[in-house]
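Engineer:
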Amino acid sequence: LLLERRGFEVVVADCGPSALKLLGEQSFDVVVSDVSMTPMTGPELLASMRAGADETPTLFMSGYSGGAVEELDAPMLPKPFTGVELESAVHRLLDLQGK
587 LLLERRGFEV VVADCGPSAL KLLGEQSFDV VVSDVSMTPM TGPELLASMR
637 AGADETPTLF MSGYSGGAVE ELDAPMLPKP FTGVELESAV HRLLDLQGK
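When we follow the numbering used here, the leftmost residue of the sequence shown carries the number 587, and every step to the right adds one.
Printed below as a string of structure tokens:
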């Protein structure tokens, strides 16, 4: 994983519901999610997080350029991206939190 090679501790969830379960069990500094997933999309994951009062900063990534991406309520990193671009995007979210 790109972030692990750059010194970040990474926890992987295989789908949105698994991510929600993990978020309910421990705290995270940042969530990185693809926009297009099943059975829950990235935006649906974020909506579920916010409905549960989870304000963990979220970064979306996507190779899709349609209208749904333009309406995201979180920053989005377009695919393809480099490890440096991903690291920079995560650092920007961490900086906003003062971490």
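Glycine included, every Cβ here is placed at the ideal spot set by N, Cα and C. Please read these numbers as outputs of a predicted model, since none were measured by experiment.
1) Please state whether DSSP places Ser622 in a helix, a strand or coil.
2) In the DSSP assignment, find the unbroken beta strand (DSSP E) run with Ser648 in it and report its ends.
3) Buried or exposed: Leu682, going by 16 or more other Cβ atoms within 10 Å of its Cβ?
4) Grouping DSSP H, G and I as helix and E and B as strand, with all else coil, what is Pro666?
5) What distance in whole Å lies between the Cβ atoms of Val617 and Thr644, which are believed to be in contact at a cut-off of 8 Å?
6) Determine the extent of the alpha helix (DSSP H) in which Ser634 is found, giving its start and end residues.
7) To which residues of the same chain is Leu589 closer than 6 Å at the C-beta, ignoring the five residues directly before and after it?
8) Give the DSSP-derived three-state secondary structure of Val617 in the structure shown.
Structural biologist: Quick look at the numbers:
1) coil
2) 644-648
3) Taking all protein chains shown into account, Leu682 has fewer than 16 neighbouring C-beta atoms within 10 Å of its C-beta and is therefore exposed.
4) coil
5) Approximately 4 Å separates the beta-carbon atoms of Thr644 and Val617; this is inside 8 Å, confirming the contact.
6) 628-637
7) Val596
8) strand
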